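Working notes, beginning with the structure itself.
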Amino acid sequence: MPIHNPDIADIFDALADYLEIEDENPFKIRAYRNAARLVRGLGPELADMIAAGESPTDLPGIGKDLAAKIAEILATGTTRALEELKQRIPAGVIDMLRIPGLGPKRASILYRELGVADPAALRAAAEAGRIRSIAGFGAKTEQAILQATAAAVATGKRVGIAQVGPRIETMLNELRRLPGVIRAEAAGSYRRCRETVGDVDLLVAAGAECPVMERFVEFAAAGQVLARGETKSSILLANGLQVDLRLVANSDFGAALQYFTGSKAHNVRIRHIGRRRGLKINEYGVFTLDARIAGETEESVYRALDLPWIPPELREDRGEIDAAAEGRLPGELIEAAHIQGELHAHTDATDGRDTLAAMAAAARKRGLRYLAVTDHSQTLRMVDGLDERRLMEQADEIDRLNEGMKGFTLLKGIEVEILEDGSLDFPDRVLQRLDLVIGSVHSRFQLSREQQTARILRAMDHRCFSILGHPSGRLIGERAPYAVDMAAVIRKAQERGCFLELNANPARLDLTDVHCQMAREAGVLVAIDTDAHSTAEFGQLRYGVNQARRGWLEKKDVLNTRPLATLKKLLKGTMGG
DNA sequence: GCCGTTTTCGGCCCGACTGTTTTCAGTCG
Numbered sequence: 000m001p002i003h004n005p006d007i008a009d010i011f012d013a014l015a016d017y018l019e020i021e022d023e024n025p026f027k028i029r030a031y032r033n034a035a036r037l038v039r040g041l042g043p044e045l046a047d048m049i050a051a052g053e054s055p056t057d058l059p060g061i062g063k064d065l066a067a068k069i070a071e072i073l074a075t076g077t078t079r080a081l082e083e084l085k086q087r088i089p090a091g092v093i094d095m096l097r098i099p100g101l102g103p104k105r106a107s108i109l110y111r112e113l114g115v116a117d118p119a120a121l122r123a124a125a126e127a128g129r130i131r132s133i134a135g136f137g138a139k140t141e142q143a144i145l146q147a148t149a150a151a152v153a154t155g156k157r158v159g160i161a162q163v164g165p166r167i168e169t170m171l172n173e174l175r176r177l178p179g180v181i182r183a184e185a186a187g188s189y190r191r192c193r194e195t196v197g198d199v200d201l202l203v204a205a206g207a208e209c210p211v212m213e214r215f216v217e218f219a220a221a222g223q224v225l226a227r228g229e230t231k232s233s234i235l236l237a238n239g240l241q242v243d244l245r246l247v248a249n250s251d252f253g254a255a256l257q258y259f260t261g262s263k264a265h266n267v268r269i270r271h272i273g274r275r276r277g278l279k280i281n282e283y284g285v286f287t288l289d290a291r292i293a294g295e296t297e298e299s300v301y302r303a304l305d306l307p308w309i310p311p312e313l314r315e316d317r318g319e320i321d322a323a324a325e326g327r328l329p330g331e332l333i334e335a336a337h338i339q340g341e342l343h344a345h346t347d348a349t350d351g352r353d354t355l356a357a358m359a360a361a362a363r364k365r366g367l368r369y370l371a372v373t374d375h376s377q378t379l380r381m382v383d384g385l386d387e388r389r390l391m392e393q394a395d396e397i398d399r400l401n402e403g404m405k406g407f408t409l410l411k412g413i414e415v416e417i418l419e420d421g422s423l424d425f426p427d428r429v430l431q432r433l434d435l436v437i438g439s440v441h442s443r444f445q446l447s448r449e450q451q452t453a454r455i456l457r458a459m460d461h462r463c464f465s466i467l468g469h470p471s472g473r474l475i476g477e478r479a480p481y482a483v484d485m486a487a488v489i490r491k492a493q494e495r496g497c498f499l500e501l502n503a504n505p506a507r508l509d510l511t512d513v514h515c516q517m518a519r520e521a522g523v524l525v526a527i528d529t530d531a532h533s534t535a536e537f538g539q540l541r542y543g544v545n546q547a548r549r550g551w552l553e554k555k556d557v558l559n560t561r562p563l564a565t566l567k568k569l570l571k572g573t574m575g576g
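As numbered in numbering that gives the first Met the number 0, residues 0 to 576 make up the first sequence, in order.
Structure, rendered in structure tokens:
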């Protein structure tokens with residue numbers, strides 16, 4: 000069973016969890032957490048890197064000990080250190096750490112004093128009134144544990160960014176309307192445009208008499224107020240989403256925005272750079288021993304470290320700080336306005352909701368210059384996939400519609416099934432009559448990594464193959480990506496001159512940010528596609544653009560920023576001619 | 001456990017809020 004980076008990352012995180020319970024040196028624990036995060040965000044597989052003779056100790060934060068543990072995990076699937084910890088501490092105690100308000104210290108005390116070894120036992124102990132008997136615990140803590148264990152099922156889960164977006168924007172707009180409010184912005188992972196958010200951080204600058212906190216806690220009417228202070232309050236909305244609000248001075252807004260936007264890892268490095276220069280950086284500004292030298296704007300905070308402003312989407316400590324220092328930040332991150340056309344859309348001929356003409360009109364109305372119609376192919380029976388005859392009828396209709404339109408062009412395409420053996424669902428003879436071919440996997444997700452990779456690589460080797468659709472097949476929070484060697488897929492795209500899709504559907508966002516970065520480094524263009532199944536879904540483009548920005552993609556890295564003539568040339572290169 | 005323009009030891013980001021305290025520990029972000 001080959002070991003992949005996420006497996007190694009999980010083991011390092013588990014080690015950190017257990018060491019917290021053991022009250023180990025917090026910096027040692029942080030070293031494991033950092034390593035977990037680093038390995039999880041690593042593009043290439045550690046196993047491949049080591050096989051190629053590279054040493055993990057070249058990675059920042061991996062020293063001799065962690066390198067040895069990586070080798071041990073690759074060889075045995077685990078590490079003795081973790082197995083020994085598991086002998087000493089029941090796994091249920093680790094689960095208790097996930098309960099809000101319970102950290103390692105208290106979980107450990109509860110385990111030692113009451114023998115409580117999992118969340119269910121903890122709840123029973125709270126119900127029996129046994130928690131308050133322990134020194135340092137009181138009735139309120141017991142009550143909090145009861146509430147937390149009751150809510151634990153419903154909360155604590157990250158939700159898709161598209162599900163929280165509208166609610167947050169409404170909240171911000173209401174706060175902005177309050178008399179005395181100067182600014183109100185969302186920070187945190189929401190501002191960094193992550194795929195999912197765990198909670199939302201809002202920042203507000205307001206005059207002294209402004210009733211911000213009073214208004215804010217009213218949003219919790221159907222939920223719960225978790226904390227209510229002078230400068231910070233936390234609420235739980237009825238749907239389980241936690242929202243924190245921080246009231247900051249307008250003169251500190253930039254420092255606060257930088258601080259609370261994170262990521263944590265990015266900020267730790269930023270503050271580290273500051274310390275080396277004798278500067279203290281916190282949410283109130285950048286300070287020398289005796290003066291504040293920055294903080295009004297985010298730009299001023301970065302400038303104090305001789306860095307250019309770094310876009311929030313890049314702040315994940317994945318090389319952006321070094322890139323900023325060396326003037327290598329992406330020059331023109333992709334924006335929605337750069338997108339010239341849509342290359343993946345469905346009509347009511349298969350599982351789309353709207354007609355070809357309606358889809359064309361809607362795309363045109365959004366200012367797009369071209370739209371590729373890519374319905375499903377025959378083997379996908381469930382959605383009435385097109386056979387050759389219906390595909391050619393659709394092509395004829397496209398020709399008719401194109402005649403009547405100026406400044407907008409429909410392209411003939413197909414989202415063709417990649418069959419289990421890697422062949423495509425139509426013969427070359429049929430595919431060659433189209434402008435582009437998107438190949439996608441919609442079946443046999445459970446193939447082994449070797450089989451799945453071979454299947455996809457074989458499909459990409461096909462004479463007519465333009466774009467690999469939703470390359471990992473994942474549905475965020477619902478379906479794991481199928482096992483596939485994405486580094487090999489990217490190499491193949493580079494070799495064949497074909498393209499990878501970044502599916503903008505917020506439930507997919509497939510490619511991931513890390514794989515976008517790898518594609519960019521390999522010089523493989525990415526197509527940001529909405530995969531629209533109705534006219535309204537063209538609006539999901541922004542989620543794809545956000546994801547692409549997280550993957551460092553610039554205008555030049557994205558296929559469908561090209562004007563039609565250039566695009567046609569690029570597509571032709573993938574169609575056997 | 002990692003790291004080094006303070007380099008093989010001694011640091012490692014830092015502040016707010018809560019609860020149970022009577023000056024602070026634990027948790028969170």
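All C-beta atoms, glycine included, are put in the ideal place defined by N, C-alpha and C. Computed from a prediction, not measured in an experiment: that's the story for all the values here.
Residue interval of the alpha helix (DSSP H) (run including residue i)
i, result
"Y369", "From DSSP, Y369 is part of no alpha helix (DSSP H) but of the beta strand (DSSP E) over Y369 to H375."
"V544", "L540 to R549"
"R457", "R448 to M459"
"I269", "K263 to R275"
"G253", "F252 to T260"
DSSP-derived helix/strand/coil call for residue i
i, result
"E53", "coil"
"R495", "helix"
"Q223", "strand"
"F425", "coil"
"D509", "strand"
"A526", "strand"
"V216", "helix"
"T349", "coil"
"P562", "coil"
"R327", "coil"
"S132", "helix"
"V152", "Unreliable positioning characterises V152 in this predicted model, as indicated by a pLDDT of 45, which lies under 50. The coordinate reading is nonetheless provided below. Residue state, collapsed to three classes: coil."
"R302", "helix"
"K231", "strand"
"V488", "helix"
"I167", "helix"
"A336", "helix"
"K405", "coil"
"D64", "helix"
Reference residue i, options the options, closest by Cα
i, options, result
"A322", "L332, P307 and E312", "P307"
"I98", "L304, R122 and E194", "R122"
"E331", "R548, C463 and F26", "R548"
"D460", "M574, E312 and A335", "M574"
"L467", "E414, L379, Q451 and Y369", "E414"
"R428", "I181, M391 and A119", "M391"
"L587", "G60, M381, P43 and K85", "Residue 587 is absent from the structure shown; the chain starts at 0 and stops at 576."
"L584", "I28, H343, A30 and Y17", "The question about residue 584 has no answer, for the chain in this structure spans 0 to 576."
"N238", "L225, F252, A221 and E419", "A221"
"A577", "T511, A127, E419 and L96", "Because residue 577 is not part of the residues shown, which for the chain are 0 to 576, the question remains open."
"N559", "G538, S533, T529 and E536", "T529"
Start and end residues, beta strand (DSSP E) containing residue i
i, result
"L246", "Q241 to V247"
"E184", "V180 to A185"
"N281", "K279 to N281"
"D198", "D198 to A205"
"I93", "From DSSP, I93 is part of no beta strand (DSSP E) but of the alpha helix (DSSP H) over A90 to M95."
"R291", "R291 to A293"
"S107", "Where S107 is concerned, there is no enclosing beta strand (DSSP E), although the alpha helix (DSSP H) it sits in stretches over P103 to L113."
For residue j and residue i, believed in contact at Cβ under 8 Å, the rounded distance
i, j, result
"V216", "R227", "6 Å"
"V372", "G340", "About 12 Å; that fails the 8 Å criterion."
"I425", "S376", "A small fix is needed here, since residue 425 is Phe in this sequence, not Ile. Contact flag correct, Cβ pair sits at about 6 Å."
"I93", "P505", "Not quite, the Cβ-Cβ distance comes to about 31 Å (not below 8 Å), so this is no contact."
"G137", "R129", "Not quite, the Cβ-Cβ distance comes to about 13 Å (not below 8 Å), so this is no contact."
"K554", "H343", "K554 to H343, Cβ: 19 Å. No contact."
Query - Cβ contact (3+ pairs, closer than 8 Å) linking the region 438-458 and the region 395-409 - result: no
Report task. Count the C-beta pairs between the region 246-262 and the region 291-299 that are closer than 8 Å, then say yes if the count reaches three, no if not. Result -> yes
Query - Segment contact, 8 Å Cβ cut-off, at least three pairs: the region 241-251 with the region 266-279 - result: no
Query raised in the report: Quick check: the region 539-556 against the region 490-507, are there 3 or more CB pairs under 8 Å?
Result: yes
Requested in this report: Check whether the region 96-115 touches the region 35-54, taking contact to mean three or more Cβ pairs, one atom from each stretch, closer than 8 Å.
Outcome: no
Query raised in the report: Between the region 481-500 and the region 516-535, do at least 3 Cβ pairs fall closer than 8 Å?
Result: yes
Query raised in the report: Can you find at least 3 beta carbon pairs, one from the region 187-195 and one from the region 172-179, that sit closer than 8 Å?
Result: no
Query raised in the report: Counting pairs of beta carbons, one from the region 522-537 and one from the region 485-493, are three or more of them closer than 8 Å?
Result: yes
Query raised in the report: So does the region 308-318 actually touch the region 281-295, counting three or more Cβ pairs closer than 8 Å?
Result: no
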